[in-house]
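Structure first, then comments.
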Amino acid sequence: MNVKTVLILLVLALATIFALVCVLLTRGRAPSPCQHQPPEQQDTGDSQSLIFADLSPEEMVQVVRYLQGHLGVQLVDASRAKPSESCIASIDVQIPTKAEVLRFLDEGGARPAREALAVLYFGNQPDPNVTEYVVGPLPTPTYHRDVTVQKYGGKVPYHRRPVTTKEYSDINTLIQQELRKAPRFLTACCESDGTDLAILTTAPRGFRSGDRATWFVLFHNVAGTGYYLSPVGLEVLVEHRDLHVSRWQLHKVFYSGQYFASMGDLEKAFVDNLLEVTRIEKPPAEGVLGSMRPRHPPGSMEPLQYEPQGPRYRVQDNRVTFQGWSVAFGMNPNSGPRLFDIRYRGERIVYELSLQEALALYGSNCPGGMSTRYLDGSYGIGRFAYELVRGLDCPYAATYVDQHYLAESETPKTNQNSLCIFEHDAALPLRRHFSDSQSLYYGGLRRNTLVIRAISTLFNYDYIWDFMFHASGAVEVRVHATGYISSSFLHGRGTNYGNRVGMHTLGTMHLHHIHYKVDLDVDGQLNSVETQDMEYELVKAPWSMQNTIERPYLRRERLEKEDEAAFLLKAPLPRYLSFASPKTNKWGHSRSYRIQITSSSGEHLPISSPMERAISWGRYQLAVTRRKEEEPTSTSIYNQNDPWTPTVAFADFINNESIIDEDLVAWISVGFLHVPHAEDVPNTVTVGNGVGFFLRPYNYFDEDPSVDSPDSIYFSREQDLGVCSTNRLACPPPACAPLLPPFHYGGFLNLSLALPPNRL
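Taken in order, the sequence shown gives residues 23 to 782; the numbers are from the numbering used here.
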């Protein structure tokens with residue numbers, strides 16, 4: 023063996039030794055911060071949350087098949103059903119009674135039967151009506167029972183049914199036929215033959231129970247932009263109560279302050295020079311008022327929120343868990359987001375937290391605007407919660423969940439990626455302190471929050487529904503309004519009802535009222551309502567009896583009856599109002615959760631109004647009632663089209679029953695007055711247009727539970743702040759790119775099948 027060979031072998035041996043040393047030295051090191059870690063593992067109760075889960079498409083299909091074969095009635099697909107025919111209007115999950123659920127969740131009882139709630143329109147019967155059936159058990163139904171009378175105290179008259187896509191389509195056909203009777207007027211006013219005008223519905227539909235006459239407002243429709251800011255001044259009243267479409271009539275016509283019996287009369291007035299016409303040219307796509315098309319090329323990329331090691335929450339089935347929180351989530355196709363069995367550190371705090379209704383009440387000097395009181399639940403707050411845009415509606419790396427529904431069809435539909443879940447860094451300390459006297463130290467905790475979000479597009483408005491869960495044990499509920507304002511044609515003294523935002527456009531004033539149900543179970547089902555507020559007492563100063571002092575003191579009160587806990591909008595609300603358990607914390611105080619409302623709801627419809635009882639929940643900023651299975655919701659989808667004889671009147675829930683040590687529900691209203699202004703064009707911004715409430719622990723714990731958060735930071739002057747074990751802020755993850763999925767958006771797929779013509 024020569025010297026050269028020996029040297030080569032020696033070099034190879036040294037290289038091998040070096041490699042082995044490197045392996046040994048790196049063994050046991052933490053993985054790279056860029057590597058995704060599995061989310062925290064929490065017991066999800068062996069999929070117990072599925073008891074609250076929305077129906078799957080397969081379950082919906084089975085319910086449809088069962089109904090088609092067991093009712094003895096010919097059912098027509100709702101997408102083409104005439105008012106004189108029968109159809110399946112909707113199918114949703116039927117949540118079992120609370121007693122059944124808690125026996126299953128808490129006592130090891132049997133799992134309740136899984137059932138569906140089916141709403142059917144029976145138009146081909148001697149007494150047309152709306153009937154609701156509970157169908158079960160799923161997935162293979164064998165029974166159904168009529169629950170209509172049990173729920174509502176009687177049958178639901180047929181005229182109360184929500185307007186279907188097919189009915190809107192037939193109305194649109196009628197309007198187009200009538201518009202052809204005024205060709206010269208339409209050419210002069212709108213540069214149109216009527217076929218290119220957008221039509222927007224209003225509601226309610228008349229003045230008394232049984233009416234079904236709707237004002238429709240006409241707008242210039244420009245592709246690629248919202249038509250809501252381009253009214254042409256023409257509005258028509260259509261009578262569509264009759265079950266036979268051929269008997270529907272255009273009952274009245276309005277144009278710029280004047281009323282006519284028909285489009286023919288309007289045309290005649292124009293031809294005879296008895297009508298002053300404002301010529302409105304059809305705007306080009308690039309110059310239309312309210313266009314959202316970008317006006318500048320893209321700039322540099324904005325900051326992205328991402329998780330360096332992957333999400334720290336876990337989503338399994340319909341439950342999400344995160345740092346002690348456990349929440350079951352779902353979506354009612356009518357009323358929208360609903361949460362159940364909200365627990366923190368294993369203890370149930372809220373049994374149900376659900377959106378109930380969204381009311382928009384308008385003012386105008388045009389008939390459509392002045393009569394509009396939209397109850398959005400009747401249109402479908404959950405049904406119209408569409409796919410969310412990754413990176414804008416929610417953080418790019420959020421978890422997106424599909425929602426399924428069956429409405430006005432015999433085929434289930436899916437709004438894919440329509441609910442998002444993410445951890446949010448509020449860029450604000452949850453708590454902190456810098457100690458600059460005695461001992462010197464800093465302690466703090468970032469305000470990281472779990473967020474569950476959905477966004478509903480209801481006509482012109484977009485509502486952003488947020489449910490947020492904080493490390494302090496607080497739940498935050500928030501809604502933001504954005505989208506387009508609605509408008510009327512500006513004429514006469516229109517600015518008494520809003521602001522001018524375009525050449526002929528009046529942004530009409532309106533109220534937003536949002537209603538929530540909060541079934542709190544604070545350390546058990548039996549709770550009481552306690553209030554605390556500050557008052558002053560005039561006392562002599564103990565150290566100087568010749569002088570007096572105004573001493574603040576805490577006035578505590580326990581409310582005994584429902585009437586005492588029903589706070590009208592303008593009534594003073596105690597600054598501290600809590601659901602209190604009979605049990606106490608370590609310091610002897612009742613374990614409680616405080617309800618803190620951050621809202622200015624404005625005026626309610628006068629109680630003297632014949633339709634006020636349908637929205638009587640809006641009288642109250644907060645009302646507490648005893649929980650009853652027969653009072654599951656504060657409103658009904660049938661209230662929109664018959665507010666004069668409401669199917670559900672919330673005011674009847676408040677009958678002065680005892681609320682001491684009972685299973686209680688808080689009904690919370692939030693909202694605001696919106697007077698549209700120039701800056702609402704093109705769109706209303708979310709800044710300043712958000713309201714909501716908090717559920718905050720109040721002596722529920724013995725100390726702030728966030729002290730146990732692994733995200734806490736503490737260091738003192740004596741420590742080396744550059745050491746990772748002392749200060750995690752000194753060791754941020756490297757600037758590695760997050761693992762982001764490719765962008766995809768399918769929200770426009772099959773959309774034309776899901777929307778009535780006046781919403782296209």
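Here a beta-carbon is modelled for each residue, glycine too, at the ideal position from N, C-alpha and C.
Where residue i sits in the DSSP three-state scheme
| i | result |
| --- | --- |
| lysine 583 | strand |
| serine 400 | helix |
| aspartate 215 | coil |
| isoleucine 117 | coil |
| alanine 210 | helix |
| isoleucine 221 | strand |
| valine 267 | helix |
| valine 670 | coil |
| glutamine 425 | strand |
| phenylalanine 675 | helix |
| proline 53 | Any reading at proline 53 must be qualified, since the residue scores a pLDDT of 44, below 50, and its modelled position is unreliable; no value is offered. |
| glutamate 369 | strand |
| leucine 762 | coil |
Residue i and residue j closer than 7 angstroms at C-beta
| i | j | result |
| --- | --- | --- |
| tyrosine 190 | alanine 220 | no |
| proline 359 | tryptophan 487 | yes |
| leucine 480 | aspartate 398 | yes |
| glutamate 430 | threonine 186 | yes |
| histidine 384 | threonine 530 | A small fix is needed here, since residue 384 is tyrosine in this sequence, not histidine. A contact, by the Cβ cut-off of 7 angstroms. |
| glycine 279 | glycine 524 | no |
| phenylalanine 362 | alanine 496 | no |
| proline 159 | alanine 140 | no |
| arginine 412 | phenylalanine 765 | yes |
| serine 621 | valine 713 | yes |
| glycine 505 | asparagine 482 | yes |
Opening and closing residue of the beta strand (DSSP E) in which residue i lies
| i | result |
| --- | --- |
| serine 603 | 598 to 606 |
| glycine 520 | 520 to 522 |
| aspartate 685 | 684 to 696 |
| glutamine 438 | 435 to 457 |
| alanine 235 | 235 to 242 |
| leucine 296 | Element bounds for leucine 296: n/a, residue is neither H nor E. |
| glutamate 625 | Neither: glutamate 625 is in no beta strand (DSSP E) and is coded neither H nor E. |
| methionine 314 | No beta strand (DSSP E) holds methionine 314; DSSP gives it neither H nor E. |
| alanine 100 | First-last for alanine 100: undefined, no H or E at that position. |
| lysine 177 | That residue, lysine 177, is in no beta strand (DSSP E); it is neither H nor E in DSSP. |
| serine 638 | From DSSP, serine 638 is part of no beta strand (DSSP E); its letter is neither H nor E. |
| valine 707 | First-last for valine 707: undefined, no H or E at that position. |
| glycine 158 | 151 to 158 |
| threonine 517 | Note, threonine 517: premise wrong, no beta strand (DSSP E); not H, not E. |
| alanine 503 | 497 to 505 |
Residue from the options whose Cα sits closest to the Cα of residue i
| i | options | result |
| --- | --- | --- |
| tyrosine 328 | Cys416, Ala407, Arg453 | Cys416 |
| glutamate 579 | Leu751, Gln147, Met567, Met556 | Met556 |
| arginine 263 | His181, Pro333, Asn340 | His181 |
| valine 551 | Asn569, Tyr598, Ser508 | Tyr598 |
| tryptophan 237 | Glu129, Phe770, Arg230, Leu259 | Leu259 |
| glycine 465 | Asn151, Val729, Ile117 | Val729 |
| glycine 640 | Arg365, Ala100, Ala380 | Ala380 |
| proline 330 | Pro754, Tyr767, Leu771 | Pro754 |
| lysine 592 | Ser691, Thr647, Thr553 | Ser691 |
| valine 473 | Leu428, Gln438, Ala350, Arg395 | Ala350 |
| alanine 225 | Ile617, Glu582, Val239, Tyr174 | Val239 |
| glutamine 618 | Arg469, Thr553, Thr657 | Thr553 |
| glycine 404 | Leu142, Tyr373, Pro355 | Pro355 |
| phenylalanine 770 | Ile364, Asp287, Phe406 | Phe406 |
Start-to-end residues for the alpha helix (DSSP H) that takes in residue i
| i | result |
| --- | --- |
| methionine 392 | 389 to 392 |
| serine 191 | 187 to 201 |
| histidine 534 | Per DSSP, histidine 534 belongs to no alpha helix (DSSP H); it is in the beta strand (DSSP E), 532 to 542. |
| leucine 89 | 79 to 92 |
| lysine 562 | Run containing lysine 562: none in the alpha helix (DSSP H); it sits in the beta strand (DSSP E), 548 to 563. |
| lysine 173 | 170 to 174 |
**OP:** Could you tell me whether the segment 592 to 604 touches the segment 539 to 549, using the rule of 3 or more Cβ pairs below 8 angstroms?
**Re:** The answer is yes - the segment 539 to 549 touches the segment 592 to 604, with three or more Cβ pairs under 8 angstroms.
Original post:
Quick one: any contact between the segment 679 to 699 and the segment 623 to 634, if contact means 3 or more CB pairs under 8 angstroms?
Top reply: At 8 angstroms Cβ cutoff, the stretches touch.
**OP:** Could you say if the segment 608 to 618 and the segment 720 to 740 meet the contact criterion of at least three C-beta pairs nearer than 8 angstroms?
**Re:** Taking a cut-off of 8 angstroms for Cβ pairs, the segment 608 to 618 and the segment 720 to 740 touch, as three or more such pairs fall below it.
**OP:** Could you say if the segment 207 to 215 and the segment 299 to 311 meet the contact criterion of at least three C-beta pairs nearer than 8 angstroms?
**Re:** Yes, since at least three Cβ pairs between the segment 207 to 215 and the segment 299 to 311 fall closer than 8 angstroms, the two stretches touch.
Original post:
Touch check for the segment 705 to 713 and the segment 668 to 686: three-plus C-beta pairs under 8 angstroms?
Top reply: They do not touch, by the three-pair rule.
Original post:
Does the count of Cβ pairs from the segment 454 to 474 and the segment 113 to 124 closer than 8 angstroms reach three?
Top reply: No, the segment 454 to 474 does not touch the segment 113 to 124.
Subject >> the segment 435 to 446 contacting the segment 330 to 339, beta-carbon criterion three pairs below 8 angstroms >> reply: Short answer: they touch.
Original post:
Hey, is the segment 659 to 667 in contact with the segment 166 to 182, meaning 3+ C-beta pairs nearer than 8 angstroms?
Top reply: Verdict: yes, contact present.
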